[in-house]
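Below you'll find the structure, written out as C-alpha cells, and then a few comments.
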Amino acid sequence: MQPTFVVMTDFSAAAEAALAYTTRLATLVDGQVLLLHVFEDHESGPTNFPPGPAFGQPGMHARPHASRDAVLAELTREARQLSVPAEAELMEPPMGEALHHLLAHRYPQLLVLGRAHAHAWFTHLFTQSHKAAALEATHIPVLLVPEDWPRPELPHHLVVAADGAPLALTAATQDLAPLLAKLRPTTTVVHVAAHAHGSSRAAEALESVRETGLFGPLDGNSVYDLREMGPVAGLLHAVNEFDADLLVVMPRPHFFPGSLFHHDVTAELLRTSPVPVLVLPAVA
Numbered sequence: 006m007q008p009t010f011v012v013m014t015d016f017s018a019a020a021e022a023a024l025a026y027t028t029r030l031a032t033l034v035d036g037q038v039l040l041l042h043v044f045e046d047h048e049s050g051p052t053n054f055p056p057g058p059a060f061g062q063p064g065m066h067a068r069p070h071a072s073r074d075a076v077l078a079e080l081t082r083e084a085r086q087l088s089v090p091a092e093a094e095l096m097e098p099p100m101g102e103a104l105h106h107l108l109a110h111r112y113p114q115l116l117v118l119g120r121a122h123a124h125a126w127f128t129h130l131f132t133q134s135h136k137a138a139a140l141e142a143t144h145i146p147v148l149l150v151p152e153d154w155p156r157p158e159l160p161h162h163l164v165v166a167a168d169g170a171p172l173a174l175t176a177a178t179q180d181l182a183p184l185l186a187k188l189r190p191t192t193t194v195v196h197v198a199a200h201a202h203g204s205s206r207a208a209e210a211l212e213s214v215r216e217t218g219l220f221g222p223l224d225g226n227s228v229y230d231l232r233e234m235g236p237v238a239g240l241l242h243a244v245n246e247f248d249a250d251l252l253v254v255m256p257r258p259h260f261f262p263g264s265l266f267h268h269d270v271t272a273e274l275l276r277t278s279p280v281p282v283l284v285l286p287a288v289a
C-alpha cells in the first residue's frame, strides 16, 4: 500500500515549510501526500477553535473570509503542484472529529504540522484534551517542522531520546520503518541524567532503541550519555553537538497525545527545538 503522509495546512508559512519537508519524505518512499484543511465558516459564527493569528496575513494564499469553494480550489491547486501524488481534503469542524474520521478511514503513516512562532490554529487541537483524544486510538506518529527550517536536504543525523526503560512501539510507529530505512541516517541515542553520580542507564537506553529495529545498526559509539542536565537542555545540547537535523522522541501513553503541548519533556521540545521533531508513540 502506498504510504500516505497527511499535512495539516492553514496556508501559513509554517504549513508551507511542513509541506515542502513532507514532499521530500514522500518522494523517498514513493508515497503520497494528503493536504488537509479544516474549514472554518466565519459567516456562520465562531467554531470551537480560534483562527490562527497569522491566517490571512501578507503572503498567505487564502483569506479568513474566503468561501468554502475558494479554499477548496486553492487547496486543490496546491496539491496539483506537488511533485508527488497528492490529494486535497477539506473537512468541517469540530477539528478533533474531522481528524479522527480521517485517521480512522485513511490510515496514514504520518501526520505533519508546521510550527509557527505564533500560536497557529492547529495548536488548539492538542491543548484541549477532548480534541487531543481524537489521536489517542490511532497513536499516529507526528512530525513538527519549524517554520524557519532552512535545510532542503533529507535528515542525515538523528538524535533519539531514550531513558533506559523498555520500549514497545505502536503498530503505526512500526509502519514508518521503511521510511527510516530509506533515510539511512546516522543515529545517536541520547541518555540524559540530572545527577552526576550513580550508575548510568545509557547502555539500557541504547539497547531499548536498538530493539525497536527502526534505526539501523547501533553500537557503543552510537550512545551519548549526559550528566547534570535536564532532559530538554540535554537533548538540545546533543542536537547542537552533533549538528543533528531531526530529533526523535518516543513518549509513552501518559505523554501522548493529551499532554503533547502541556508540561512534559515532549511538549517543551516541540515548542523549542530548532530542528524538526518526530514523535513516535510507544505503548510501554
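Under the numbering used here, the first residue of the sequence shown is numbered 6, with each subsequent residue one higher. Glycine residues also receive a C-beta, built at the ideal position from the N, C-alpha and C atoms.
In angstroms with no decimal places, state the Cα-to-Cα distance between residue i and residue j.
i	j	result
H135	H106	Reliability fails at H135, whose pLDDT of 40 lies under 50, so the model's placement of it is uncertain and no value is given.
R276	A103	24 Å
V2	H42	A question about residue 2 goes unanswered here, because the residues of the chain that appear run from 6 up to 289.
D74	T28	25 Å
G36	H200	44 Å
A207	L174	20 Å
G50	M96	Any reading at G50 needs caution, since the residue's pLDDT is 45, under 50, leaving its predicted position unreliable; the model's value is listed next. Approximately 17 Å between the Cα atoms of the pair.
I145	Q86	26 Å
P286	A177	8 Å
W154	S278	11 Å
V197	A170	13 Å
S232	T14	Per the sequence presented here, residue 232 reads as Arg, with Ser not at that position. Roughly 39 Å separates the two Cα atoms.
L24	D180	20 Å
Q114	A91	15 Å
A31	H202	45 Å
Report back the beta-carbon spacing between residue i and residue j to the nearest angstrom; my notes put them in contact at under 8 Å.
i	j	result
R120	A19	6 Å
V117	L77	Going by Cβ atoms, the distance from V117 to L77 rounds to 20 Å, so no, they are not a contact pair.
V254	L274	6 Å
V150	Y26	5 Å
V214	A182	Contact doesn't hold; Cβ gap of about 13 Å is too wide.
T271	P281	T271 to P281, Cβ: 14 Å. No contact.
Can the beta-carbon of residue i be found closer than 8 Å to that of residue j?
i	j	result
V11	L33	no
L172	T217	yes
L241	L223	no
R111	T9	yes
A243	T193	yes
A93	L80	yes
E209	A22	no
Just grab the DSSP bridge partners of residue i for me.
i	result
G119	V150
H42	L95
Q37	T9
- At least three beta-carbon pairs within less than 8 Å, the segment 151-166 to the segment 244-259: yes
- Item | Touch test, the segment 175-186 against the segment 226-245, Cβ-Cβ under 8 Å, three pairs minimum | no
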